[in-house]
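Heads up: the structure comes next, in structure tokens.
There are 2 protein chains.
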Amino acid sequence: MASTAATLKDVAHAAGVAVSTASRALAGNPVVSQETSDRVRQCAEQLNYRPNAQARALRSSRSNIIGVTIPSLVNPYFAEMAAVIQEEANRAGISTIISSTSEDAERLIDSLHILSDQRVDGIIAVPYNGTEDSLAALDATGMPLVLVDRELPGNKHLSVASDSSAGLSSAVAHLLEKGNRRIGYLSGPMTTSTGVTRLEEFTAACHHFQLPEQPIYQGGYHREDGYRGTEWLLSQNVDAIIAGDSMMTVGALEACHKKGIAIGHDVALIGFDDQPIMRLQACPITVIDQQVATMGRLAFSLLHNLITDEGGSGKSPPSSIRTPTTLIIRASSDFDRSSTTDKEVRP
Amino acid sequence: MASTAATLKDVAHAAGVAVSTASRALAGNPVVSQETSDRVRQCAEQLNYRPNAQARALRSSRSNIIGVTIPSLVNPYFAEMAAVIQEEANRAGISTIISSTSEDAERLIDSLHILSDQRVDGIIAVPYNGTEDSLAALDATGMPLVLVDRELPGNKHLSVASDSSAGLSSAVAHLLEKGNRRIGYLSGPMTTSTGVTRLEEFTAACHHFQLPEQPIYQGGYHREDGYRGTEWLLSQNVDAIIAGDSMMTVGALEACHKKGIAIGHDVALIGFDDQPIMRLQACPITVIDQQVATMGRLAFSLLHNLITDEGGSGKSPPSSIRTPTTLIIRASSDFDRSSTTDKEVRP
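Protein chains in written order, with our numbering: chain U, 173 to 519; chain C, 173 to 519.
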């Protein structure tokens, strides 16, 4: 705690390279060989080198622009998140440029390079597992960075993510209470913290309520995944479906509409995120609500603190935030399964 | 035609200022006084100064980034347009940064400044009436520019816009054929070419079919406008509502859901743009489809031609495009009004 902080010079000396090379290596500049890069980073880690405050203080001037990368423009959850961040930034006199990564880790890395080249004052990013090195390299340049919606293994960055455990556990409890026994789950991709965590939480809830193994469809955050997964889960004779994000929920809606499956009668459906399309249904959809507007506001607030607190003010540093989730019960799941199980013997 | 093209030097000489001042004035740089700026632009116009090809040739290197400004992130029509442009750009090895202007002309001007400062290779913009000067100034810097969705008075820029006349005329004809007589219209804002043109086209179609004056709600491109406008039109005892864009259509859906008005029975509804929320309804919504994906692809293609055709290749210059609209008839309007007009005397 009381030891003198390591400088970039210390790191360069330990790695046996010039200070400029060490700087380039930590910034992820491709002109430095992989081998040298690895050695510099190892030394930086051993010396517990924390470049941020210094590097930030070196930034000559602010552009009053921040960058935001979201995984999809057509996902209404992320569209609302970006819109809220933009409104908050605008209120603070800051403009926003947005980059969409199409749920592709390579494109996120590309976007981060572009945004940092553009002299933005800071970046809010929705990350993928596997982009840890790129984000660490960005951090090493002193670029203020806040992750939102998803976290990365190790949680080395400031982040705002929702805690879906309460929402998912309430969803499973509610479905059981209504007499559903076979609950299918549309899982998000294992390349995202939300995909991994929500699947674990769904499985844990099933264990908790002593349910036998439930059918799980390994999907992704696209409508098509929700559509195909719903077809498959229906073929597995599920009573209820929980969709692990908003895009798969829309896909589930599409599949049921197309096949003439009556949501709220033939099958119970619980989705994610309280978007207009969930409410504006003949049978409105029960959702696990993540309070996306709150998440967007908090992410901007954390980033703004990082940007304005150049060089360290002695204020206590901001810390990562988990926002709560709640289950909003609507007609799509709020019916008694025992009264509809005999539907097939009716005329 | 055969006369020698005026150079920036000629313009500066005519205006009695330095070449650098003339350049700044044409670029809309605020350091130049309004008076000087006006004089330089007047001289440029008199000399028929066409800076684009020269200025483009002067651009030292490409960034392989284009800028896209859209009016709203949460409007699914513009989200899809931006997503298509991004996919097309990506296929051409070009990255995209997106800026949302929240249906605010001042923010568009701000965004244009930011994007051109960011050294993008070109810009696709959805304009507002009143931003003509800013877009002309951008053009004067040689920045490749394509307008999409909306045009500006005078049509001085390359643009891709839909021709809504066929769609609106078919919509009115279809509603009349089904026995509707009182057709309410939710109009977009008069600060956009789409708002102005569609209102004119709706009125022209009503004249053509010799309908008496129809109730018109002067709205905007927000859900709230569609909601309030629908409440008002229903109070005017309309048989049918045509909503002038996708966001107002969603607002109309919300108002009808909330008030328990049965779309496709109590009232006929025709909206704009074939988004999932229009299809995934108990009573699917008839829409005037603008083929947004085609518009996005064409806009990128025009911009890409401008960017890659530096200095002029002798190829025939690209020209503005109007894409057709079609009416997709669904249950929300496809019912006979005469069989439901006596609904109020039923028990």
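For every residue, glycine included, the Cβ atom is placed at its ideal position computed from N, Cα and C. Since this is a predicted model, take the numbers as computed values, not measurements.
Worksheet entry | Buried or exposed by the 16-neighbour rule on C-beta atoms within 10 Å, applied to residue 230 of chain C | Bear in mind that the predicted position of residue 230 of chain C carries a pLDDT of just 47, short of 50, making it too unreliable to give a figure here.
Worksheet item: Is the segment 202 to 220 of chain U touching the segment 175 to 193 of chain U, taking contact as three or more C-beta pairs under 8 Å?
Response: yes
Discussion item. Does the structure place the segment 245 to 254 of chain C close enough to the segment 236 to 255 of chain U that three or more beta carbon pairs sit under 8 Å?
Written reply: yes
Worksheet entry | Option nearest residue 412 of chain C by Cα separation, candidates C/391, C/404, C/442, C/397 | C/442
Worksheet item: residue 602 of chain U by DSSP, collapsed to three states: which one?
Response: Nothing can be reported for residue 602 of chain U, as the shown portion of chain U is limited to 173 through 519.
Discussion item. Tell me the DSSP secondary structure of residue 266 of chain C in three-state form.
Written reply: coil
Worksheet entry | Contact set between the segment 414 to 429 of chain U and chain C, restricted to residues whose Cβ is under 8 Å from the partner | 422, 425, 426, 429
Fill in: residue 269 of chain U: contacting residues in chain C (beta-carbon distance under 9 Å)
239, 269, 270, 271, 283, 286, 287, 290
Worksheet item: Buried or exposed: residue 203 of chain U, going by 16 or more other Cβ atoms within 10 Å of its Cβ?
Response: exposed
Practice prompt. Give the straight-line distance between the Cα atoms of residue 507 of chain U and residue 509 of chain C, rounded to the nearest whole angstrom.
Written response: 34 Å
Item to complete: For residue 321 of chain C, write down the residues that DSSP places opposite it in a beta bridge.
Response: Per DSSP, none; premise fails for residue 321 of chain C.
Worksheet item: Which term fits residue 381 of chain C, buried or exposed, when burial requires 16 or more other beta carbons within 10 angstroms of its beta carbon?
Response: exposed
Worksheet item: Leaving out five residues before and five after residue 348 of chain C in sequence, what residues of the same chain have Cβ atoms less than 7 Å from its Cβ?
Response: 381
Worksheet item: Within the chosen definition, does the segment 278 to 293 of chain C reach the segment 458 to 473 of chain C through at least 3 CB pairs nearer than 8 Å?
Response: no
Worksheet entry | Residue ranges of each alpha helix (DSSP H) within the segment 399 to 471 of chain U, 4 or longer | 418 to 431, 448 to 451
Worksheet item: What separation, rounded to the nearest whole angstrom, lies between the Cα atoms of residue 465 of chain U and residue 271 of chain C?
Response: Residue 465 of chain U and residue 271 of chain C have their alpha carbons spaced roughly 19 Å apart.
Practice prompt. Grab the span of the alpha helix (DSSP H) containing residue 307 of chain U for me, first residue to last.
Written response: For residue 307 of chain U, the uninterrupted alpha helix (DSSP H) segment begins and ends at 304 to 312.
Worksheet item: Just checking, does the segment 336 to 343 of chain C make contact with the segment 296 to 311 of chain C on the three C-beta pairs under 8 Å criterion?
Response: no
Discussion item. Please identify the residue among U/491, U/454, U/405 whose C-alpha is closest to the C-alpha of residue 504 of chain U.
Written reply: U/454
Practice prompt. State the beta-bridge partners of residue 355 of chain C as determined by DSSP.
Written response: C/412
Discussion item. Applying the 10 Å Cβ sphere with the 16-neighbour rule, what's the burial state of residue 289 of chain U?
Written reply: exposed
Discussion item. Looking at residue 424 of chain U: is its Cβ nearer than 7 Å to the Cβ of residue 415 of chain U?
Written reply: Taking 7 Å as the cut-off, the Cβ atoms of residue 424 of chain U and residue 415 of chain U count as close.
Discussion item. Can you check which of these residues, U/334, U/345, U/352, U/388, is closest to residue 365 of chain U by C-alpha distance?
Written reply: The candidate whose alpha carbon is nearest that of residue 365 of chain U is U/334.
Worksheet item: Considering only residues of the same chain and omitting the five flanking positions on each side of residue 195 of chain U, which have a CB-CB separation below 7 Å?
Response: Excluding sequence neighbours, residue 195 of chain U sits near 180.
Worksheet item: Can the beta-carbon of residue 444 of chain C be found less than 7 Å from the beta-carbon of residue 407 of chain C?
Response: no
Practice prompt. Indicate the three-state DSSP secondary structure (helix, strand or coil) for residue 240 of chain U in the structure shown.
Written response: strand
Worksheet item: Helix, strand or coil for residue 189 of chain C per DSSP?
Response: coil
Worksheet entry | Closer than 8 Å at the beta carbon, the chain C residues around residue 358 of chain U | Within chain C, no residue comes near residue 358 of chain U; the closest Cβ sits about 17 Å away, beyond 8 Å.
Item to complete: Inspect the beta-carbon positions of residue 192 of chain U and residue 331 of chain U and report whether they are closer than 7 Å.
Response: no
Worksheet item: Which of the residues in the segment 246 to 280 of chain U, read from start to end, lie with their CB under 8 Å from any CB of chain C?
Response: 246, 248, 251, 252, 254, 255, 258, 259, 262, 267, 268, 269, 270, 271, 272, 274, 279
Discussion item. Among C/392, C/263, C/265, C/376, whose alpha-carbon lies nearest the alpha-carbon of residue 385 of chain C?
Written reply: C/376
Worksheet item: Which residue's Cα is closest to the Cα of residue 520 of chain U: U/410, U/325, U/405, U/327?
Response: With chain U covering only 173 through 519, there is no way to say anything about residue 520 of chain U.
Worksheet item: Just how far apart, CA to CA, sit residue 518 of chain U and residue 421 of chain U?
Response: At residue 518 of chain U the pLDDT is 36, less than 50, meaning the model places this residue with poor confidence; the figure from the coordinates comes in the next sentence. Those two C-alpha atoms are separated by around 29 Å.
Worksheet item: Taking the DSSP output, what are the residues bridged to residue 389 of chain U?
Response: Partner(s): U/358.
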